[in-house]
Structures are given as structure tokens and as C-alpha cells.
Amino acid sequence: MATIKIKQIKSKIGAPVDQKRTLAALGLHKISQVVECEDTPSLRGMIRKVHHLVTVIE
Numbered sequence: 001m002a003t004i005k006i007k008q009i010k011s012k013i014g015a016p017v018d019q020k021r022t023l024a025a026l027g028l029h030k031i032s033q034v035v036e037c038e039d040t041p042s043l044r045g046m047i048r049k050v051h052h053l054v055t056v057i058e
């Protein structure tokens with residue numbers, strides 16, 4: 001399958017607990033950290049939930 005890169009661009013401080021857990025599930029722990037994941041509908045939903053904290057590098 002296709003893969004996408006996700007980069008955390010903002011801090012999770014002050015974000016609700018569910019958004020912090022979503023970032024952890026994506027594998028993001030630090031600002032400017034980049035992870036590569038398979039592009040699936042469930043992953044796109046997770047990205048949509050924290051779209052203001054991350055950016056997608058296609």
C-alpha cells in the first residue's frame with residue numbers, strides 16, 4: 001500500500017486527552033518528529049482529529 005509521512009508541528013500541551021492519545025497512537029511524541037505509516041482510512045481519520053497539530057507530507 002501507499003505510505004504517507006506525518007509530522008508534528010505543534011505541541012500537545014493544552015490539547016484534550018483524546019487528542020494526546022491520538023498523537024501517541026500515531027507514534028508522535030515530539031515537535032518536528034516525522035513518522036511514516038500506511039495510508040488507510042482509519043489513519044486518515046486519526047489525522048483529521050489532530051489536523052491542527054500535524055501536517056501530512058505526501
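Counted from 1, the sequence shown has number 16 at position 16 by my numbering; the numbering is strictly sequential. Think of the CB as a built atom: it goes at the ideal place given N, C-alpha and C, for glycine as much as any other residue.
Q.
The alpha helix (DSSP H) that contains THR22, what's its start and end?
A. Stepping through the sequence shown from its first residue, residue 22 is reached at position 22. Following the DSSP letters along the chain, one finds THR22 inside the alpha helix (DSSP H) bounded by residues 17 to 26.
Q. Which residue's Cα is closest to the Cα of GLY45: THR3, THR22, VAL17?
A. Here residue 45 corresponds to residue number 45 of the sequence shown, with the count starting at 1. Distances from the alpha-carbon of GLY45 to those of THR3, THR22, VAL17 put THR22 closest.
Q. Does the distance from the C-beta atom of THR55 to that of LYS7 stay below 8 Å?
A. For the purposes of this step, residue 55 is identified with residue 55 of the sequence shown, where counting begins at 1. For the purposes of this step, residue 7 is identified with residue 7 of the sequence shown, where counting begins at 1. In this structure, THR55 lies near LYS7, with their beta-carbon atoms less than 8 Å apart.
Q: Take THR40 as the anchor and find which of PRO16, LYS20, ARG48 has the nearest alpha-carbon.
A: Taking the first residue of the sequence shown as position 1, residue 40 is located at position 40. THR40 has its Cα closest to that of ARG48, out of PRO16, LYS20, ARG48.
**Q.** C-beta contact flag for ILE57 and LYS5 at 8 Å
**A.** Counting from 1 along the sequence shown, the entry for residue 57 is found at position 57. Counting from 1 along the sequence shown, the entry for residue 5 is found at position 5. Their beta carbons are under 8 Å apart, which means ILE57 touches LYS5 by this criterion.
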